[in-house]
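Protein chains in written order, with this note's numbering: chain A, 1 to 485; chain B, 1001 to 1480.
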């Protein structure tokens, strides 16, 4: 088995026992990148030179007997909307094509302290708006399991890189499913943490009240390791939660005895592919076999969640993306004859169609005269959806559902139909609207050999229970399947 | 009333708060530093940077809320006000829309000796924007200085309760003195620490309110007066010529002394306010609100009223003392002794003391004057131990040196002669030596009396009690 194929927790032990060095591991990953990246297109920017330098430093520290974290020396890819000091952060947009942040996101400071090796910046839908990574200004990323298919999005590069073993683990961000959906399509594990568990400082904002950074890995334990390294209260982010954060990977237990699992009927209805439904229900049966108690529940407002999500997220996006005006950094149009002309041309040329669509939608729903009918109502729905989850979690511990209604579709198949594209988020957006944690874990394939994801949703700050459940399933019935590349 | 029209004025006043750091980041809040030197990713609105609220801003705003008798909204949000401009790096200003931190208050002001109550609609917190720099040297470009981005502001919105430019000026001056008393704004007008927008309308008495115009760029209190007077006359001219007033935003050009239209109501910007998702709801507990209230001293506008009403000080003098924190404290400490009339103190404060402070540029705390030695000095004059002139000599010493007032009377030989025998002897000598003046007096030239008393004072080397001296001379002249 090649080093790049291995899980982070195995590699961590091998590094600790000095069976391998971080330089060897990093070289192995970059060899893999060199051999498959042409097909996958997961990266926007590679960081090979610095990665090897970091790996050397970590090896040196280890040789000197310094105590290092579990992630020290592990190659990790970073979604290109997370600010990396000195390393280009484009959000896969022409607008930020040459933008190099002067500061690190809080998660990057944490990961640097942990001694990780950053392989590069991963492709995404432009400003995280999209469900297929096709809205990237640079290139579409391909699904490693079927290169003519999308990897999902917006963290398509993050999921594809892990699935193609071009990074051992990665960071993504999830505003309406952007970690879980590509994880599901690419057959890897992705965690969307509770809103407030991971600092958003340095994450280029799409929808501030919904965005959350989270890990993607080949197995549950890897995801638990990375999550424990990045979570925690941050004084630079007013919305980060002030509480105790326990070690998720040390406390990981494959134990679901007595766990109450709820199956919301709204997540198994119309539009959900039969093969997906079957795979997910089989996974739930496996958990039941291990001692979980399963019952059907209802979350009636789910039908309205997608509308509420696209109103709230677009409203916030229209304001968050207003700063890209060509004045201080990023793209500025070549020729203009006034300030307004400069704004208009810069933004028309710098943003892609999907981003412009959301900015227009968001501007509209916040406009005087329309605010109450759209934004106001969406916020009311948000409250109702949260209340429904709250009352559901009185009787159950974990909700099980599909992550996405179907398996990965073909590149170009939906790009001309925004509504169809938006509908792929139907099972994931409720979690962001309610600020809950959720994990997507592979649960078999459809008849095209395309991965299906089981989504597990928990109450706020129940990441441990979610990961334990996913771990129990993974150990007996699941697990990563290496794509043939 | 102006030209038969009633004038209605409301003011929106922005005051920069004098916190150490900015409202949403740790950058220094200081005027006049090198261009773009007090900036960070947060106040420059770099991608991914997030604001965190400086709680001192909330404290300062609540203090102002208390000072203006407002209700404090212990739970309130911050909102985004969206618009594009190169001095606004995020393209939105974090402000407060629906629910401000403070609302429904009032402030009492004095205008020409009359007390007026002006309603306060609301006070909210927000961040300042940067500054555009224009110059021929910039080769056709405008440059931007972001040092001011994120400087904390409070916006104080008044009810349309003012009826003249004089009232508006008095209102602004009252706000300024309160801000200074609370020590929450340095009130340097030339640095733009207080700026205001003026809303003006006119109507005939008994008729409904007129359409208002809003005037921006009013950067001093005197400009507010000029701007209001101009705007009132402009509106009346239009109405007198049968025209109608447009609801519009105008810009005051103080150099030209006129306002020009910026945009009409139809062109009004839609700021698309919505709750700022990067910040938590502001929740202030009751104790904090009460503790801040306890820190509010007696405010200058209340002091002025008290000085005028209780001590019969003229408004101008009362205002002068009340608006200086130091002078007012000295004055109040003296009066607290309840020994001598207020005016016997105010003459010193407004006279020799202020003169000295102005000449030397010193503060009261740099002098040795305090309520104790000033009261002793006033006492010596009141009981005629020394003359006013003698008092001035002692005052000049105790400004600079911590010397005992009573000892100074002896040291400087200032004790007045009140011994009748001695005074009569002086009078006899002076009358004998000035026969011509005595005759003048007898012939009806009453001012000869003053001359003769003056000669007596001179003969006594200034020590004679001038009152007694005058009495004796008068009596003797009649006897002659």
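Backbone N, C-alpha and C fix where the C-beta goes; we use that ideal spot for every residue, glycine too.
All figures in this text were calculated on a predicted structure; none of them were measured in a lab.
Residue i versus residue j - alpha carbon distance
i, j, result
"residue 79 of chain A", "residue 227 of chain A", "15 angstroms"
"residue 100 of chain A", "residue 1049 of chain B", "14 angstroms"
"residue 1063 of chain B", "residue 1406 of chain B", "44 angstroms"
"residue 48 of chain A", "residue 61 of chain A", "20 angstroms"
"residue 1006 of chain B", "residue 1270 of chain B", "32 angstroms"
"residue 195 of chain A", "residue 436 of chain A", "6 angstroms"
"residue 1280 of chain B", "residue 1357 of chain B", "48 angstroms"
"residue 1257 of chain B", "residue 1202 of chain B", "20 angstroms"
"residue 192 of chain A", "residue 155 of chain A", "12 angstroms"
"residue 445 of chain A", "residue 404 of chain A", "13 angstroms"
"residue 277 of chain A", "residue 1156 of chain B", "59 angstroms"
"residue 1091 of chain B", "residue 1273 of chain B", "12 angstroms"
"residue 1009 of chain B", "residue 1465 of chain B", "57 angstroms"
"residue 459 of chain A", "residue 1078 of chain B", "28 angstroms"
"residue 1019 of chain B", "residue 1148 of chain B", "13 angstroms"
"residue 280 of chain A", "residue 415 of chain A", "27 angstroms"
"residue 178 of chain A", "residue 119 of chain A", "21 angstroms"
"residue 1395 of chain B", "residue 1377 of chain B", "8 angstroms"
"residue 337 of chain A", "residue 1153 of chain B", "34 angstroms"
"residue 1439 of chain B", "residue 1335 of chain B", "48 angstroms"
"residue 1234 of chain B", "residue 1332 of chain B", "46 angstroms"
"residue 490 of chain A", "residue 230 of chain A", "In the structure as shown, chain A begins at 1 and stops at 485. Residue 490 of chain A is therefore absent and cannot be evaluated."
"residue 1389 of chain B", "residue 1362 of chain B", "24 angstroms"
"residue 3 of chain A", "residue 21 of chain A", "11 angstroms"
"residue 1266 of chain B", "residue 357 of chain A", "26 angstroms"
"residue 225 of chain A", "residue 218 of chain A", "12 angstroms"
6 angstroms Cβ shell around residue i - same chain, five flanking residues per side excluded
i, result
"residue 160 of chain A", "40, 42, 141, 144, 151, 186"
"residue 362 of chain A", "314, 315, 317, 318"
"residue 350 of chain A", "94, 95, 331"
Residues that residue i contacts on chain A, provided the C-beta gap is smaller than 7 angstroms
i, result
"residue 1281 of chain B", "Going along chain A, no residue has its Cβ under 7 angstroms from residue 1281 of chain B, so there is no contact; the nearest lies around 10 angstroms."
Own chain residues within Cβ distance below 7 angstroms of residue i, not counting five before or after
i, result
"residue 136 of chain A", "92, 123, 124, 125, 126"
"residue 1093 of chain B", "1081, 1126, 1127, 1129"
"residue 211 of chain A", "173, 175, 200, 203, 205"
"residue 465 of chain A", "397, 398, 458"
Heavy atom of the ligand NAD within 8 angstroms of residue i beta-carbon
i, result
"residue 1059 of chain B", "Ligands displayed in this structure: none; no statement on the ligand NAD is therefore possible."
Chain A residues whose Cβ lies nearer than 9 angstroms to that of residue i
i, result
"residue 1138 of chain B", "Near residue 1138 of chain B there are no residues of chain A at all, since even the closest Cβ is about 14 angstroms away, more than 9 angstroms."
"residue 1086 of chain B", "325, 327, 328, 339"
Cβ shell of residue i (< 8 angstroms), same chain only, five flanking positions each side left out
i, result
"residue 1236 of chain B", "1002, 1003, 1005, 1202"
"residue 1039 of chain B", "1027, 1146, 1147, 1149"
"residue 1238 of chain B", "1244, 1245"
Residue i classed as buried or exposed, judged by whether at least 16 other C-beta atoms fall within 10 angstroms
i, result
"residue 462 of chain A", "buried"
"residue 1132 of chain B", "exposed"
"residue 1431 of chain B", "buried"
"residue 170 of chain A", "buried"
"residue 1383 of chain B", "exposed"
"residue 1298 of chain B", "exposed"
"residue 1190 of chain B", "exposed"
"residue 1472 of chain B", "buried"
"residue 1341 of chain B", "exposed"
"residue 75 of chain A", "buried"
"residue 1240 of chain B", "exposed"
Contacts of residue i in chain B (Cβ-Cβ under 7 angstroms)
i, result
"residue 316 of chain A", "1277"
"residue 135 of chain A", "By Cβ distance, chain B contributes nothing, its closest Cβ being about 18 angstroms from residue 135 of chain A, past 7 angstroms."
Chain-ordered neighbours of residue i on chain B, where CB pairs are closer than 9 angstroms
i, result
"residue 367 of chain A", "1270, 1272"
Interface residues of chain B facing residue i [CB-CB closer than 8 angstroms]
i, result
"residue 319 of chain A", "1080, 1082, 1091, 1092, 1272, 1274"
"residue 202 of chain A", "1048, 1049"
"residue 363 of chain A", "1272"
Proximal residues of chain A, C-beta to C-beta of residue i below 8 angstroms
i, result
"residue 1052 of chain B", "235, 236, 237, 238"
"residue 1044 of chain B", "328"
Restricting to runs no shorter than 4 residues, where is the alpha helix (DSSP H) found entirely within the segment 439–477 of chain A? 463–476
Please specify which runs of the beta strand (DSSP E), each continuous and at least 3 residues long, are wholly inside the segment 1368–1444 of chain B, giving them in chain order. Complete beta strand (DSSP E) runs here, min 3: none at all.
Within the segment 116–200 of chain A, note down every full alpha helix (DSSP H) run reaching 4 residues or more, in order along the chain. You should have 156–163, 180–186.
Taking only runs that begin and end inside the segment 16–95 of chain A, name each unbroken beta strand (DSSP E) of 3 or more residues, in chain order. 43–46, 75–79
Start-end ranges of the alpha helix (DSSP H) lying completely within the segment 1279–1337 of chain B, minimum 4 residues: Correct list: 1286–1294, 1300–1311, 1315–1322, 1325–1336.
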